[in-house]
Every structure is written in structure tokens, then in C-alpha cells.
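Colleague:
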Ligand SMILES: [Zn+2]
Ligand SMILES: [Zn+2]
């Protein structure tokens, strides 16, 4: 019997026919990388292949690496495999990777979301025999409201604070969520105040603007004047500690923009007062619809509720199993 197209090893997802890994979590010679989040694009690989759109953020984060960009959908022969990259809708540049070996097609989803957020390249279903799906939110309790509704709620909350001249502080991941929020809010203008960004967010903003992503101007916290803070919306990474600007935030109200905000337990766990359930991952209906759309009969679950989600898929008639060596949770949620 022929080798499987993909195997699940302790270094990551491996293609024996092509001799490459996809989003490896240990050092390998040849890595195909779905996107720039730190649990997918790790340092130390001999060579990287990713989309042209994902590459600038990956270089920004990893520094000098031997990396090559590839266009959306462009087929590339690697050993006995043919690979191509297709939009995953998760963050700018994020890809699903299609791998074909001797007529058998597998698609590795990376992280994905099915709602078009109007900023990242929209998710594109890719026909396959087998699909490796993430399942960060692979439980029926996770069902997102449309982005327009969540950002509308967030704007209402911000307006209320701006009327009191108080800052609205939103915890959002520095690559992906923050920019998606900025772009979505810009579409709701006029806004009640300026958008200020943590320097880690602003650094990614600059990279994406240089690439041509339509991101309006924002002001970095370390460049802001004292009077900029009253009524401002401030975006900072969830893990960020206070900076020189901390005393300007004394009367701020805090919120978390994350899929986990849909569940109160997580909201309290991160110490945020408010939750806006805006996720860069597919919700339960999104996961199920995406899997159906591939036409795949075989599914491997990674990244999240792998065991229960694989069991659910088996009950639906799929040949499904949890992938081994699932990496830790994403820096986006
Ligand atoms: Zn991600
Ligand atoms: Zn991830």
C-alpha cells in the first residue's frame, strides 16, 4: 500500500512524498506555513514557503529567514507532491494548503473562519479527499453573531464611554483581530474618538499598510498626547502589561474581543469586564459547513476539541480521527 499523503508526527504534519512539513512545531529543513501566528510560523526552519500575502508579517516576526512567497492557487511541485495555497479567511494572508500525491488530494486548513470579514482574503472551499481541520471552537455552544452586529455592539459601548470622556480598552490579538476591528469600525464612521494602538499592534498595522491592506491611520499609544485618551478606543494584546501610558487608562473600561467571550467563564478568567464574541476561527456551523463543502470523506481534527469533534464527525458518517501531537492553542481566538 502507498504511503499516506500526510502523517502526523511529533514535529508536525509531514508529507512523505514531498519531504516537507506543514506548520511544524519543531525545527525541520522544509516548512510550508499557513500564516503568521506564532503557533504556526515558528523560528528555526531551514526553509519556509508561504503566501506572498503572509510573508511580510512572518518576516516581521521571525527576522532573517530563508523564505519564499507563492501566489494564491499557484501549483508547485515538491518531490512527488504538488502543493498550492488557498485563502483560509482567518487573518490577512492565511492559507489552507492543498497537497496532491498520485491523484489523492488532502487539504490542511490551518486556522480558518467562514465569515467574510471584509479585510482578510475570504475563505475558499477546496475540493479534497481528505481534510485536516482545526476545531478551536468545535462544540455546538459556539455560534457567532454576524460581524456587523458584534462591531455595532462594540461601537455602542465605546460611544457610551466617549460621552463620559473615558477610554475604551479592548484586548485583541496584535495580528489579525486588531486590524479586523480597526477596518470594521472604520466602516461605521463617524467614530466617537480616535483609535489608539499598542506598539505591537501598530507595528503589524504598518506592515499590512505597506502591503496595501486598506487599514486607516491609527495612533500608537507611545505617540499619543494626554488629551488623545479621553474617548479613545485602545487596542492592546491580551497579554500586554502596562506601559508608560498606564496612568492615562486609570478610568478606562476594559473588554475582550474574542470567541471565548461567548462563554462567561473565559471572560472572567482573563479579567475583562466586557466580552465581544468576535472570533477569527469558524464557529460550530462554520466548521460543519466548511467540511461538507470540501466533499472529503476523511477528516483529521487538530487544534482544539479534537476528540469530541472527531467523534461527532464519525456519527455524521465521516471517516474521522483526531490528529496526534496537536499543537497548543492559537494566539488568535
Ligand atoms: Zn492563527
Ligand atoms: Zn492556530
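Numbering (the numbering used here), first residue to last: 2 to 334.
The C-beta atom is built at its ideal place from N, Cα and C for all residues, glycine as well.
#1: Reducing DSSP to helix, strand and coil, say where residue 71 ends up.
#2: If you follow the beta strand (DSSP E) that residue 138 is in, where does it begin and where does it stop?
#3: Using 9 angstroms as the threshold, is the C-beta distance between residue 207 and residue 120 below it?
#4: If you measure between the beta carbons of residue 155 and residue 236, is that distance less than 9 angstroms?
#5: Pull up the DSSP beta-bridge partners for residue 10, would you.
#6: Compute the distance between the beta-carbons of residue 77 and residue 50, then report whether it is under 9 angstroms.
#7: Using the Cβ count rule (16 or more neighbours within 10 Å means buried), how would you classify residue 298?
#8: Buried or exposed for residue 185, please, with buried defined as at least 16 other CB atoms from any protein chain shown within 10 angstroms of its CB.
#9: Just checking, does the segment 130-145 make contact with the segment 283-293 on the three C-beta pairs under 8 angstroms criterion?
#10: With respect to 8 angstroms, is the separation between the Cβ of residue 333 and the closest non-hydrogen atom of ligand 1 below this value?
#11: Tell me whether residue 122 counts as near ligand 2, meaning its Cβ is closer than 8 angstroms to at least one heavy atom of that ligand.
#12: How is the beta strand (DSSP E) around residue 108 delimited, first residue to last?
#13: Kindly examine ligand 1 and report whether one of its heavy atoms sits closer than 8 angstroms to the Cβ of residue 95.
#14: Tell me which same chain residues have a C-beta within less than 6 angstroms of the C-beta of residue 118, skipping the five on either side of it?
#15: Just grab the DSSP bridge partners of residue 234 for me.
#16: Could you have a look at residue 320 and say whether DSSP puts it in helix, strand or coil?
#17: Is it a yes or a no for the segment 192-199 touching the segment 292-307, going by three-plus beta-carbon pairs under 8 angstroms?
#18: Taking residue 136 as the reference, which of 312, 307 and 325 has the closest Cα?
#19: When the Cα atoms are used, what is the spatial distance from residue 178 to residue 333?
#20: Among 238, 153, 104 and 254, which one has its Cα closest to the Cα of residue 1?
#21: By the 10 Å Cβ neighbour count, where 16 or more other Cβ atoms means buried, how is residue 290 classified, buried or exposed?
#22: For residue 34, which of 3, 109 and 292 has the nearest alpha-carbon?
Modeller: Let's see:
#1: strand
#2: Taken as a continuous stretch (DSSP letters only), residue 138 belongs to no beta strand (DSSP E), as it is neither H nor E.
#3: no
#4: no
#5: 13
#6: yes
#7: exposed
#8: buried
#9: yes
#10: yes
#11: no
#12: 105-109
#13: yes
#14: 148 and 181
#15: 169 and 196
#16: strand
#17: no
#18: 307
#19: 7 angstroms
#20: Residue coverage of the chain in this structure runs from 2 to 334, which leaves residue 1 outside it and unanswerable.
#21: exposed
#22: 109
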